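Following: one structure in structure tokens, then a few remarks.
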Amino acid sequence: MGLLSKKDAALIKDPLADNNPITIQVLGICSALAITAELEAAIVMSISVLFVLGIGNVVISLMRNIIPSKIRIIVQLIVVAALVIIVDQVLKAFAYELSKTLSVFVGLIITNCIIMGRFEAFALGNGPWRSFLDGIGNSLGYGVILIIVAFFRELLGAGTLLGIKVLGDPIEKTGVYAFGYENNGFMLLAPMALIVVGIIIWVQRSRNKALIED
Amino acid sequence: MEHIELFFKSIFIDNMVFATFLGMCSYLAVSKKVSTAVGLGAAVIFVLLVTVPLNWLLDQYLLQPGALSWLGEEYASYDLSFLSFIMFIATIATMVQLVEIVVEKFSPSLYNSLGIFLPLIAVNCAILGGSLFMQSREIPTLGLATTYGIGSGIGWFLAILSIAAIREKIRYSNVPPALRGLGITFIITGLMAIGFMSFGGMLTGGDDEAPKEEKTVKVDSKLNTEDEKVIANNIKVNE
Numbered sequence: 001m002g003l004l005s006k007k008d009a010a011l012i013k014d015p016l017a018d019n020n021p022i023t024i025q026v027l028g029i030c031s032a033l034a035i036t037a038e039l040e041a042a043i044v045m046s047i048s049v050l051f052v053l054g055i056g057n058v059v060i061s062l063m064r065n066i067i068p069s070k071i072r073i074i075v076q077l078i079v080v081a082a083l084v085i086i087v088d089q090v091l092k093a094f095a096y097e098l099s100k101t102l103s104v105f106v107g108l109i110i111t112n113c114i115i116m117g118r119f120e121a122f123a124l125g126n127g128p129w130r131s132f133l134d135g136i137g138n139s140l141g142y143g144v145i146l147i148i149v150a151f152f153r154e155l156l157g158a159g160t161l162l163g164i165k166v167l168g169d170p171i172e173k174t175g176v177y178a179f180g181y182e183n184n185g186f187m188l189l190a191p192m193a194l195i196v197v198g199i200i201i202w203v204q205r206s207r208n209k210a211l212i213e214d
Numbered sequence: 215m216e217h218i219e220l221f222f223k224s225i226f227i228d229n230m231v232f233a234t235f236l237g238m239c240s241y242l243a244v245s246k247k248v249s250t251a252v253g254l255g256a257a258v259i260f261v262l263l264v265t266v267p268l269n270w271l272l273d274q275y276l277l278q279p280g281a282l283s284w285l286g287e288e289y290a291s292y293d294l295s296f297l298s299f300i301m302f303i304a305t306i307a308t309m310v311q312l313v314e315i316v317v318e319k320f321s322p323s324l325y326n327s328l329g330i331f332l333p334l335i336a337v338n339c340a341i342l343g344g345s346l347f348m349q350s351r352e353i354p355t356l357g358l359a360t361t362y363g364i365g366s367g368i369g370w371f372l373a374i375l376s377i378a379a380i381r382e383k384i385r386y387s388n389v390p391p392a393l394r395g396l397g398i399t400f401i402i403t404g405l406m407a408i409g410f411m412s413f414g415g416m417l418t419g420g421d422d423e424a425p426k427e428e429k430t431v432k433v434d435s436k437l438n439t440e441d442e443k444v445i446a447n448n449i450k451v452n453e
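One line per chain: the protein sequences are A and B, in this order. 1 is the number of the first residue of the first sequence in my numbering; add one for each residue after it. 215 is the number of the first residue of the second sequence in my numbering; add one for each residue after it.
Here it is as structure tokens:
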């Protein structure tokens with residue numbers, strides 16, 4: 001890490017584990033749960049958030065001294081909305097099928113609390129470079145959880161990863177299916193996302209006792 | 215009939231929290247006490263009730279492809295739909311600001327108890343989600359849009375009220391330390407979502423939902439153990 005000072009590196013490292021936006025700060029849960037039935041959608045969503053949060057944090061940080069505090073929410077919303085429109089239009093142009101899968105959830109990046117939360121908590125009080133690192137760190141932390149959840153849901157639910165059949169063919173009974181394994185279609189349904197995230201939180205807090213509440 | 219159907223559908227089947235996971239952040243953050251949960255739930259119902267019809271009008275007369283034709287023939291080919299995010303969020307932010315001013319004027323005590331959560335409604339994804347679903351599902355009339363708004367608001371209210379009640383009770387249960395707080399709330403919400411899935415066949419008689427039910431049967435044993443754990447914990451505490 002020759003490029004970054006120790007303090008700056010912490011901005012990227014902390015949100016990945018001990019200060020994770022989803023499991024510790026409780027931000028941006030909605031999209032994390034709704035689009036994790038497929039790994040591909042989760043990856044695209046993480047990249048979109050990375051783009052919006054990274055750039056948005058820099059923009060807000062550059063404007064932080066000229067925004068009147070009374071209307072800052074509206075200013076922040078406009079900045080995010082503009083960035084999200086770019087993402088949405090790019091997705092529609094280059095990955096139309098995928099943008100159908102994500103449906104309204106790309107639009108909902110606007111109200112994703114990670115974005116507002118980081119603007120409020122960090123970008124309004126720090127310079128552009130540190131804000132940029134903070135944005136990258138937090139969206140990576142968000143992406144990690146998204147990808148873990150999507151990995152288990154797609155693997156156990158459909159037996160595929162990124163659409164590739166990794167467990168063999170369920171109809172011709174090859175691979176694991178030859179031993180009588182069945183896809184657990186329930187993993188693809190909405191409630192299991194909540195339970196998987198619950199289990200991730202359980203594992204994380206058992207490993208790091210300092211995070212336990214009460 | 216159409217209205218009643220949409221009303222119940224948006225409360226139970228397409229419940230904002232349990233079917234589409236919208237508004238989860240404030241749902242998790244504000245559900246520690248029943249009283250604040252009720253206040254926030256009521257505010258969400260109101261804001262949804264106002265913004266969904268307003269955004270329906272915007273969508274119908276400004277944003278849809280060809281919506282500008284009321285201005286004259288030459289405008290009919292314009293497509294402003296890429297502006298919908300900004301227009302919707304502007305309406306919502308304005309309405310939330312308005313609600314804040316009105317509540318502060320007429321009921322300062324409610325205003326103080328809601329505190330920071332009032333402005334946070336503006337970034338509650340359930341509100342924007344309501345408008346975006348209204349747009350993507352192409353709800354045909356203003357009346358139906360209003361019904362949809364109030365229905366999904368009530369659905370959200372119901373969800374946050376029930377989880378707040380459960381969390382007040384669970385304080386007396388013996389939850390594993392690492393699962394306390396956030397973890398157990400996630401798992402309970404998951405179990406509640408499974409419960410709400412059974413409303414799926416309510417309006418259709420269950421015919422086209424049949425494959426879903428088959429899937430649930432397979433994992434029943436797993437669910438039972440989860441339930442049993444909670445029950446066993448309760449028994450332990452009662453003893």
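Don't be surprised by glycine CBs; every beta carbon is placed ideally from N, CA and C. Since this is a predicted model, take the numbers as computed values, not measurements.
- According to the DSSP assignment, B/W370 belongs to the alpha helix (DSSP H) that extends over L356 to I384.
- B/K246 carries a coil assignment under DSSP once its states are collapsed to helix, strand and coil.
- Of all residues in the stretch 59 to 78 of chain A, only I73, I74, L77 and I78 come within less than 8 Å of chain B when Cβ atoms are compared, listed by chain position.
- Within the same chain, A42, L146, V149, A150, R153 and A193 come within 7 Å of A/T36 by CB-CB distance, once the 5 residues on both sides are set aside.
- By alpha-carbon distance to B/V310, the top candidate from B/C239, B/V266, B/L276 and B/L334 is B/L334.
- Taking CB atoms only, B/G404 has a neighbour in chain A less than 8 Å away.
- With a contact defined as Cβ atoms closer than 8 Å, A/S46 and A/G143 qualify at about 3 Å.
- Counting every other CB atom within 10 Å of its CB across the protein chains shown gives A/A210 a total below 16, marking it as exposed.
- The alpha-carbon separation between A/A121 and A/I60 amounts to approximately 12 Å.
- Put simply, of B/P322, B/E314 and B/T265 the residue whose alpha carbon is nearest the alpha carbon of B/T305 is B/T265.
- Sequence-distant Cβ neighbours of B/S291 in its own chain, meaning closer than 8 Å and more than five residues away, are G280.
- Exposure of A/D169 is indicated by the presence of fewer than 16 other C-beta atoms within 10 angstroms of its C-beta.
- Here A/M187 is actually not in contact with A/L161; their C-beta atoms are around 13 Å apart, not less than 8 Å.
- Residue environment analysis places B/M230 among the buried positions, since at least 16 neighbouring C-beta atoms fall within 10 angstroms of its C-beta.
- At a cut-off of 8 Å between beta-carbon atoms, B/I303 makes contact with chain A.
- For a cut-off of 8 Å, the C-beta gap from A/I55 to A/L83 is around 6 Å, short enough to register as a contact.
- Interface annotation, A/I195: in contact with chain B, CB-CB separation under 8 Å.
- B/S350 belongs to the set of residues whose beta carbon lies under 8 Å from a beta carbon in chain A.
- Using a Cβ-Cβ cut-off of 7 Å, B/T234 is close to A34 of chain A, given in chain order.
- The three-state reading of DSSP puts A/I164 in strand, counting E and B together.
- Annotated as proximal: B/L254 and B/I374, with beta-carbon spacing under 8 Å.
- Residues I60 and Q76 of the same chain have their beta carbon placed closer than 6 Å to that of A/F119, with the five preceding and five following residues left out of the count.
- Closer than 7 Å at the C-beta level to chain A, one finds these residues of the stretch 276 to 304 of chain B: F296, F299, I300 and I303.
- Residue range L396 to M411 is occupied by the alpha helix (DSSP H) that includes B/G397.
- Using a Cβ-Cβ cut-off of 8 Å, A/G28 is close to C239 of chain B, given in chain order.
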